[in-house]
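Remarks on the structure that follows.
Number of protein chains: 2
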Amino acid sequence: MNYCSDCGATVSLKIPENDERMRFVCDTCGMIHYQNPKIVAGVLSVRGEQVLLCRRAIAPRYGLWTLPAGFMENGETTDQAAAREAHEEANATLRDLRLYTVISVPHVSHVHVIYRCELVSDDFAPGVESLETRLFHEHEIPWDELAFHTVRKTLECFFHDRKQGVFPVHNLAFTIALPT
Amino acid sequence: MNYCSDCGATVSLKIPENDERMRFVCDTCGMIHYQNPKIVAGVLSVRGEQVLLCRRAIAPRYGLWTLPAGFMENGETTDQAAAREAHEEANATLRDLRLYTVISVPHVSHVHVIYRCELVSDDFAPGVESLETRLFHEHEIPWDELAFHTVRKTLECFFHDRKQGVFPVHNLAFTIALPT
């Protein structure tokens with residue numbers, strides 16, 4: 001961030017009064033430009049014994065497999081965002097969305113919110129952000145070609161929970177040691 | 001938003017290529033400035049039979065009662081954000097944080113993420129954003145002086161669940177009809 005989005009003057013990184021964090025503050029009008037984590041909403045959609053994955057047609061992680069998911073938009077609820085992403089990336093029609101994993105990824109300031117749901121029909125197909133959409137049995141999951149840790153963890157939770165027959169909400173975090 | 005935070009030129013509201021939503025797009029460098037929902041993280045902290053509320057010393061809803069909560073910061077996990085807010089607003093020390101309510105508030109593009117936890121001691125006190133901090137039994141809750149619907153709903157869930165002895169995660173949304 002170089003310029004104030006309100007008045008167009010330059011900004012500086014400083015700690016505002018009554019604050020403890022560095023913020024971008026306008027050198028002219030004084031507006032404080034807060035930056036906050038983003039929510040990535042998605043679905044683990046199930047058809048019989050199989051789950052739906054999409055192969056990414058976009059960066060990052062082009063060509064790797066993921067759960068349909070993407071950035072939540074203003075004006076949405078989390079489940080609406082998850083269903084929209086499934087529609088955009090896999091033309092998937094869903095029902096019975098239930099909150100399943102809430103995973104913080106603090107080094108990129110994301111929170112992944114994944115719903116478990118039923119995929120209503122076999123009538124799905126890649127959207128513009130997917131190369132391929134496919135149903136996988138547990139033994140077919142391409143574990144070494146998954147796009148994100150949150151996808152792996154959500155799938156691991158699901159196959160574990162399915163054996164137990166209960167699906168609690170999992171609240172997790174991926175913390176990595178950043179280079180100093 | 002009037003100016004590009006990257007190059008300082010003017011921005012226009014338009015639908016970018018391969019998009020379906022109006023975005024602020026720089027008239028000069030073309031940067032698309034996405035705007036996304038914010039997470040409000042907080043705690044329902046319990047000490048014996050009582051729960052901790054704070055009376056707000058800031059707008060909006062100055063003077064009304066709330067659960068300690070505030071905007072999640074970049075680089076945090078959701079539970080870290082909730083604990084930080086409890087410390088800032090009530091100097092509260094907590095343990096055993098468990099995800100409890102996840103409530104979308106789409107008309108303001110917020111998602112409230114509230115943890116249920118134990119308040120470790122009676123050694124709490126108002127921070128700069130609180131006029132007062134106090135423990136309440138269920139029959140003492142100032143239902144007509146609560147700051148937010150999400151606070152009311154989380155308290156209702158808690159007192160209901162406590163009677164049952166089980167505390168599932170509640171995923172809800174507050175949708176209101178906006179004036180047209």
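Chains as they are written, first to last, in UniProt numbering: chain A, 1 to 180; chain B, 1 to 180.
Even glycine gets a Cβ: it sits at the ideal position worked out from N, Cα and C.
First and last residue of the beta strand (DSSP E) that includes residue i?
| i | result |
| --- | --- |
| residue 21/B | Taken as a continuous stretch (DSSP letters only), residue 21/B belongs to no beta strand (DSSP E), as it is neither H nor E. |
| residue 184/A | Beyond the ends of chain A as shown, which are 1 and 180, falls residue 184/A; an answer cannot be given. |
| residue 144/A | Looking at the DSSP string, residue 144/A is not in any beta strand (DSSP E), and its letter there is neither H nor E. |
| residue 98/A | 94 to 105 |
| residue 112/A | 110 to 119 |
| residue 170/B | 170 to 173 |
| residue 134/B | 130 to 136 |
| residue 56/A | 50 to 56 |
| residue 64/A | Segment: none, residue 64/A is in no beta strand (DSSP E) and carries neither H nor E. |
| residue 70/A | 69 to 71 |
| residue 12/B | 11 to 14 |
Is it the case that the Cβ atoms of residue i and residue j are separated by a distance below 9 Å?
| i | j | result |
| --- | --- | --- |
| residue 126/B | residue 55/B | yes |
| residue 76/B | residue 106/A | yes |
| residue 36/A | residue 6/B | no |
| residue 168/A | residue 53/A | no |
| residue 66/A | residue 147/A | yes |
| residue 72/A | residue 83/A | no |
| residue 109/A | residue 57/A | no |
So that I know if they touch, is there some Cβ in chain C lying closer than 9 Å to that of residue i?
| i | result |
| --- | --- |
| residue 7/B | Checking the listed chains, one finds no chain C in this structure; the protein chains it contains are A and B. |
Quick one: list the residues of chain A neighbouring residue i, beta-carbon separation under 7 Å, in chain order.
| i | result |
| --- | --- |
| residue 21/B | 73 |
From which residue to which residue does the alpha helix (DSSP H) around residue i run?
| i | result |
| --- | --- |
| residue 150/B | 149 to 164 |
| residue 84/B | 78 to 90 |
Counting only Cβ pairs nearer than 8 Å, list the residues of chain B close to residue i.
| i | result |
| --- | --- |
| residue 1/A | 5, 6 |
| residue 39/A | 36, 37, 39, 111 |
Going by C-alpha to C-alpha distance, which of the options sits closest to residue i?
| i | options | result |
| --- | --- | --- |
| residue 70/A | 64/A, 146/A, 40/A | 40/A |
| residue 94/A | 9/A, 124/A, 108/A | 124/A |
| residue 90/A | 110/A, 64/A, 133/A | 133/A |
| residue 25/A | 19/A, 18/A, 13/A | 13/A |
| residue 151/A | 11/A, 61/A, 33/A | 61/A |
| residue 42/B | 92/B, 21/B, 139/B | 92/B |
| residue 226/B | 171/B, 101/B, 4/B | Missing from the structure shown is residue 226/B; chain B here goes from 1 to 180 and no further. |
| residue 120/B | 137/B, 97/B, 112/B, 111/B | 97/B |
| residue 144/B | 64/B, 175/B, 117/B | 64/B |
| residue 139/A | 164/A, 68/A, 51/A | 51/A |
Should residue i go down as buried or exposed, given a rule of 16 or more other Cβ atoms within 10 Å for buried?
| i | result |
| --- | --- |
| residue 103/A | buried |
| residue 185/B | The shown model of chain B, from 1 to 180, leaves out residue 185/B, and the question about it has no answer. |
| residue 16/A | exposed |
| residue 38/B | buried |
| residue 49/A | exposed |
| residue 159/A | exposed |
| residue 85/B | buried |
| residue 137/A | exposed |
| residue 171/B | buried |
| residue 111/B | buried |
| residue 116/A | buried |
Just to make sure I have the definition right: I need the residues of chain A whose C-beta is within less than 8 Å of the C-beta of residue i. Which are they?
| i | result |
| --- | --- |
| residue 102/B | 78, 99, 102, 113 |
What does residue i reach in chain A if we use C-beta pairs closer than 9 Å?
| i | result |
| --- | --- |
| residue 128/B | 18 |
| residue 173/B | 77, 78, 79, 80 |
| residue 106/B | 74, 75, 76, 77, 80 |
Give me the chain B residues within the contact set of residue i, using Cβ-Cβ distance strictly less than 9 Å, ordered along the chain.
| i | result |
| --- | --- |
| residue 169/A | 99, 102, 168, 169, 171 |
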